[in-house]
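>
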Amino acid sequence: MKIDNSLPLEYSTEENNLKILGFWIFLGAEIMLFATLFTMYFTLENRIGHGPSGAEIFEITPVLVETILLLTSSFVIGLGIHAMRLGNKKAMMVFFSITLLLGAGFLGFEIFEFVHYNHVGATLQTSAFTAALLTTLGTHGLHVTFGLFWGLAILIQIKKRGLTPETTNKSFIFSLYWHFLDVIWIFIFSFIYLKGMM
Amino acid sequence: MDFFDRFAVPHPSFLIYASMVGIGLTMVAIVLGITYFKKWGYLWREWITTVDHKRIGIMYLLVALLMLFRGGVDAIMMRYQLSMPDNKFLESQHYNEVFTTHGVVMILFMAMPFITFFFNYLIPLQIGARDVAFPRLNALSFWLFFMGMGLFNISFIVGGSPDAGWTSYFPLANNEFSPSVGTNYYMIAIQIAGMGTLISGINFITTILKMRAPGMKLMKMPMFTWSAFIANVIVVFAFPVLTVLLAMGTMDRLFGTNFFTTGDGGMDMLWANLFWVWGHPEVYILILPAFGLYSEIISTFARRNLYGYKSMVASMVVISVFSFLVWTHHFFTMGQGAFTNSIFSITTMAIAIPTGVKIFNWLFTLWKGKIVFTTPMLYSMLFIPLFTLGGVTGVMLAMSAADYQYHNTMFLVAHFHNVIIPGVVYAMIAGLTFYWPKMFGFMLNERIGKWTAWIMSVGFVLAFIPMYITGLDGQARRMYTYSESTGFSMLNMVAFIGAGIMAISFALLVYNIYYSIRYASRDIGSDPWDARSLEWATHTPVPEYNFAITPQVASTQGFWDAKKNGHELFKGKYEKIHMPNNSGWPFILGCIFFVFGFAMVFSIWPLAIVTLIGILVCLVYRSFEKDHGRYISVEEIEETEAKLRGVKNEDR
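In structure tokens, the structure reads:
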């Protein structure tokens, strides 16, 4: 394995470069996935059947809390990558742990939100609108859940193996994923919640 | 016994029971055979756990040939059913299942693995790389695809086949109108296979962008690699649409959601639209690599540089963009209104322009060439007129006003078979014949090969041209029978005879493989066709590491330059080579996905949850695994090279 010391560790080997490019392409596919979900949502948005509309069930408080938690976590993981580049393992682990905790908090609020929807009679089966809403939110939520397990696995590896070309590569790719989920959330916040509440 | 009742076939017939027995006996025979010859260890070490792109490619090829047989049997059954009016061979339900599986199997489990076989085998060799960017993901892609294929194929003996057409339009595909688990199989098996395709798309794009030999700029890549690159970009952009679509279909069927229902706000046309947003690019995913293969073959056997390289690339890029802008032409009659239809008519017809550019480029490549009529070249020469005919009827179908006459008739069926068979299937067989010596070290018999090509073409014309006529006269597709008074019987009998002749040509292809294994010369060297690009620059059989020294190129046809113009491909000396280790986890993960898919199809939730956890455990295990691959030492390379040179032509 040839290591190029002029580059950050996560870019230092040929294999690492391939993995980062491959992941960017994967994110391209993810953009298409969410674009399809948004298309589907906008098509079905007003087809509420006998069920409630968005304006009737959306509540700003939990959504704002979720937004703040997720946006902060995205900032913190940025700090984590910065610490990683400086070679500060401990600071990096702290920032990554905070990221995951914030992510878990986001997920908690989202579950609470789903329970609320269920309570007011907006279940998966109610109408095309509710199915579209819960599927779009749920897909994002599943991505966050998957990210929590993934991040935890990386954190354990950093603790055990230190900052090697492999672990830093994994962490960097994970941070790309996490930022991506944040971007998707901004679209969900703007075009599902805010638009729906207007 | 209630639990087991769900696995029964809803409409059993003698044919299905016979296939059950046949499949059972074949499985037993395979297991006994492998055990008797003590090949389990060999199978596990050399094939199931392999991460070598060449072996994975060959496994794709085997699946494709198997599925060609299966889809072909479906086709013959349909043609026989329609060959006579009021035929009682298949009942309506069985006929529905047969045309549905024929479509899915031929597109997704025959054509897709066939082109993926070429991607796998050729891309690394053409760009001078040692393997793909992510060898293990490549194995995972194959096993996900394989398990999806397996799940789809057991449907007709366990629980019933899908019966809503390969497009599976809602509301026909919902629980009310398609009550058997067949459509669940459709949703879930294609989902699993589709994930494999998406992963391999990412893999090949990364490989092509990052692993080209020194000197091979993007505009110096061989044309097949270019076509593969564009096709994989389409894969990455189109397959996520299918993922979402199938997930929604699954939820409608299993969880009672209202995406595509007719009440509670559901919209059935959403399925048709999203299906074709994926489905139309999908046909270009199939045809562009076929174009790439024709480009390689025509330039090799015209003994000329490919004419209009840049316009070839540009036209493929234009096709890839337009492929996402034409989907509505699949349902002009379903009420979008004149304005929308006109726009999609124009975009559809516009695709004929870049395609025409490609046809003319091939013709100009031939012009003043020293043409050698080998079997692959014969297929390419049959492709040009036959495919152009299909293209012209495509432009007819693109006229939305006229489409009201053609829609859902046999005219349409004739059209898409007319582009897919001479376009894709001929390319696959031509490519297989062309690359056979590279893979296996001997050539397929040319005489039998040419007979196959001609017989196939005669069969093709007899089978599909009559359908244009009956279609214009109003014979609807997907109808399991018709009365004598319609006057369709004569032409349908001709079509059945044509299908039979095509079946003979495929049997001849199999015979050719058998014949050539027995009698063909093994002393053919590594470049039997006098070809032009890098894949022919290495030895036959290709060593595990592909190239002992990374080649350096300066044009679109490095190997030709090396042979004729004194270009030096291999500079420098041997260095140790880093290779990935074999791994069993892609196969194991694939197996768990199979069980997960099966549990989902039959709504066995405890099993689904357990297998889902199993999938996560596999992923975590993989994340913690330490594997740095291995090195092939210089001595080992020298030994292999010396041995392979002994097999090669003595004069080199």
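Keeping their order, the protein sequence lines are chains Y and C.
For the working numbering, add 641 to where a residue sits in the first sequence, where the first one is 1.
For the working numbering, add 9 to where a residue sits in the second sequence, where the first one is 1.
Think of the CB as a built atom: it goes at the ideal place given N, C-alpha and C, for glycine as much as any other residue.
None of these values were measured; they are calculated from a predicted model.
Bridge partners for C/Tyr-435 per DSSP, in chain order?
Checking the DSSP bridge columns, you'll see C/Tyr-435 has no partner listed.
> Specify the secondary structure class of Y/Ile-618 as computed by DSSP and reduced to three states.
No answer is possible for residue 618 of chain Y: it lies beyond the span of chain Y, which begins at 642 and ends at 839.
> I'd like the span of the beta strand (DSSP E) that includes C/Arg-639, first residue to last.
639 to 641
> Rank C/Leu-77, C/Gly-191, C/Thr-35 and C/Pro-19 by C-alpha distance to the C-alpha of C/Met-511 and give the top, closest one.
C/Leu-77
> Expressed to the nearest angstrom, what Euclidean distance is found between the alpha-carbon atoms of C/Gly-33 and C/Val-113?
23 Å
> Assuming C/Ile-294 and C/Ala-240 form a contact by the criterion Cβ under 8 Å, report the distance between their Cβ atoms to the nearest whole angstrom.
Contact between C/Ile-294 and C/Ala-240 is confirmed by a C-beta separation of about 5 Å, below the 8 Å threshold.
> May I have the straight-line CA-CA distance separating Y/Pro-818 from Y/Gly-788, to the nearest angstrom?
Note that residue 818 of chain Y corresponds to Tyr in the displayed sequence, not to Pro. About 8 Å.
> Let me know if C/Gly-567 comes out buried or exposed under the rule of 16 or more other beta-carbons within 10 Å of its beta-carbon.
buried
> Taking 8 Å as the CB-CB limit, is Y/Thr-776 close to chain C?
yes
> If distances are taken between C-alpha atoms only, which option among Y/Thr-654, Y/Pro-649 and Y/Leu-650 comes closest to Y/Lys-643?
It is Y/Thr-654.
> Using a 10 Å radius around the Cβ and a threshold of 16 neighbouring Cβ atoms, would you call Y/Lys-800 buried or exposed?
exposed
> Name the residue from C/Leu-441, C/Ala-407, C/Ile-438 and C/Leu-628 whose alpha carbon lies nearest to the alpha carbon of C/Phe-425.
C/Ala-407
> Flag Y/His-781 as yes if its beta-carbon sits less than 8 Å from any beta-carbon of chain B, otherwise no.
You won't find chain B in this structure, because its protein chains are Y and C.
> Note down, in chain order, each residue of its chain lying with its Cβ closer than 7 Å to the Cβ of Y/Ala-732, except the 5 sequence neighbours on either side.
Ala-724
> Excluding the 5 residues preceding and the 5 following Y/Asn-657 in the sequence, name in chain order all residues of the same chain whose CB lies nearer than 7 Å to its CB.
Glu-651, Pro-806 and Asn-810
> If distances are taken between C-alpha atoms only, which option among C/Trp-287, C/Gly-265 and C/Thr-259 comes closest to C/Pro-249?
Each of C/Trp-287, C/Gly-265 and C/Thr-259 was checked against the Cα of C/Pro-249, and the nearest Cα belongs to C/Trp-287.
> From C/Trp-56, C/Glu-100 and C/Lys-47, pick the residue whose C-alpha is nearest to that of C/Thr-490; which is it?
C/Glu-100
> Where does the unbroken alpha helix (DSSP H) through C/His-103 begin, and where does it stop?
101 to 113
> Below 9 Å between beta carbons is the criterion; list the residues of the region 678 to 696 of chain Y that meet it against any residue of chain C, in chain order.
Leu-678, Thr-680, Met-681, Thr-684, Leu-685, Asn-687, Arg-688, Ile-689, Gly-690, His-691 and Gly-692
> Using CA atoms only, rank isn't needed, just tell me which of C/Glu-644, C/Trp-152, C/Arg-486 and C/Leu-52 is closest to C/Trp-594.
Nearest option by C-alpha distance: C/Trp-152.
> Is Y/Met-734 close to chain C? Criterion is C-beta to C-beta, closer than 8 Å.
no
> Output yes if chain C places a C-beta closer than 8 Å to the C-beta of Y/Leu-804; else output no.
no
> Please state whether DSSP places C/Met-260 in a helix, a strand or coil.
helix
> If you measure beta-carbon to beta-carbon, which residues of the region 757 to 775 of chain Y are closer than 9 Å to chain C?
Leu-765, Gln-766, Thr-767, Ser-768, Ala-769, Phe-770, Thr-771, Ala-772, Ala-773 and Leu-775
> Give a yes or no on whether the C-beta atoms belonging to C/Phe-469 and C/Lys-367 are separated by under 8 Å.
Contact flag unset, no.
> Which bits of chain Y does C/Pro-122 rub up against, with CB to CB less than 8 Å?
Neighbours of C/Pro-122 on chain Y: none; closest Cβ ~20 Å, over 8 Å.
> In chain order, what residues of the same chain lie with their CB nearer than 6 Å to the CB of C/Asp-570, ignoring the 5 residues before and after it?
Ser-564 and His-576
> Could you give the C-beta distance for C/His-338 and C/Thr-357, rounded to a whole number, given that I count them as a contact under 8 Å?
5 Å
> Please list the partners that Y/Gly-788 has in chain C, where partner means a Cβ-to-Cβ separation under 7 Å.
The premise fails here: Y/Gly-788 is roughly 13 Å from chain C at the closest Cβ pair, so nothing lies under 7 Å.
> Under a three-way DSSP split, which group does C/Thr-271 fall into?
coil
> Mapping the DSSP letters down to three states, classify C/Tyr-586 as helix, strand or coil.
It should be noted that the sequence gives Ile, not Tyr, for residue 586 of chain C. Here C/Ile-586 sits in strand by DSSP.
> Just curious, the alpha helix (DSSP H) that Y/Trp-819 is in, first and last residue?
Counting along the chain, Y/Trp-819 sits inside the alpha helix (DSSP H) bounded by residues 806 to 829.
> With distances taken Cα to Cα, identify the nearest neighbour of C/Asn-89 among C/Tyr-26, C/Phe-505 and C/Tyr-194.
Note that residue 89 of chain C is Tyr in the sequence shown here, rather than Asn. Nearest of C/Tyr-26, C/Phe-505 and C/Tyr-194 to C/Tyr-89, Cα basis: C/Phe-505.
> To the nearest angstrom, how far is the alpha carbon of C/Val-604 from that of C/Met-87?
Their backbone Cα atoms lie some 32 Å apart in a straight line.
> So, does the CB of C/Asn-267 fall closer than 8 Å to a CB anywhere in chain Y?
yes
> Do you know offhand how far Y/Leu-685's Cα is from Y/Phe-770's?
5 Å
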